[in-house]
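The block underneath contains the structure these notes are about, expressed in structure tokens.
What follows is the structure in structure tokens.
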């Protein structure tokens, strides 16, 4: 018999992220747009988990072997090109949005994006070996596509950042100014949220 275990994952993950972003934002006195971006990020994480891991079915099937659900063959597209394209699209938002909710410089953020993009597929491999669901698959090509998607998102927002390279940074007033400020700092080699923290601190 199969069961849908989504809420078991969504609720605690959402709670941890919400508390984490909330505490950080309040501690650093970040503006409201930061919290909006954080909530959007949490929604994305839940959608990505839903697409990647569920439904997850636990059922005894004669002849089932974990190894049959694992593919380590490069360029062997067992689920088709459309599936690989969807794996790229899955992590593009991660590459784009991370700079708006984490206080990092570009190189550090790229490393984190690659690691987080890899987790989608690596966690499937871990779940396969521990729980042995019959409808979870690990494919090394999916892993590569997830990483490519994260890098594409990172590169895309970096191009957007460059449009603000010569702009004068303004104090954060509203969502658009927050976005512009983050882009300006990223392209000038600064941590993405540093000025937001300074601006909020100076108001006290």
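Residue numbers (my numbering): -12 to 191.
For glycine and all other residues, C-beta sits at the position ideal for the given N, C-alpha and C.
Nothing here was measured: the structure is a model prediction, and the numbers come from that model.
Judged by DSSP secondary structure, residue 169 falls within the alpha helix (DSSP H) whose first and last residues are 162 to 174.
When DSSP reads this structure, residue 126 sits in a beta bridge with 58. In the structure shown, residue 17 adopts coil according to DSSP, grouped into three states. In this structure, the alpha-carbon of residue 150 lies about 17 Å from that of residue 178.
Per DSSP, the continuous alpha helix (DSSP H) segment holding residue 106 begins and ends at 93 to 118. In its chain, beyond the 5 residues on either side, 148, 149, 151, 152 have a beta carbon closer than 7 Å to the beta carbon of residue 174. Counting along the chain, residue 69 sits inside the alpha helix (DSSP H) bounded by residues 68 to 84. Beyond the five residues adjoining it in sequence on each side, residue 1 comes within less than 7 Å, by CB distance, of 29, 33 in the same chain, given in chain order.
Distance between residue 3 and residue 53, taken at the CA atoms: about 31 Å. Around the beta carbon of residue 171, 16 or more other beta carbons lie within 10 angstroms, which makes this residue buried. The beta carbon of residue -3 lies closer than 6 Å to those of 33 in the same chain, with the five residues before and after it left out. For residue 162, the closest of -1, 58, 19 by C-alpha to C-alpha distance is 19. Buried is the label assigned to residue 74, since at least 16 other Cβ atoms lie within 10 Å of its Cβ.
Between residue 27 and residue 55, the alpha-carbon positions lie close to 36 Å from each other. Under the criterion of beta carbons closer than 8 Å, residue 40 and residue 118 do not qualify as touching, at roughly 11 Å.
Between residue 78 and residue 128, the CB-CB gap reaches or exceeds 9 Å. The beta carbon of residue 23 lies closer than 7 Å to those of 162 in the same chain, with the five residues before and after it left out.
If the five residues before and after residue 38 are omitted, its C-beta is found closer than 7 Å to the C-beta atoms of 77, all from its own chain and listed in chain order.
Restricting attention to 43, 48, 92, the CA atom closest to the CA of residue 169 is found in 92.
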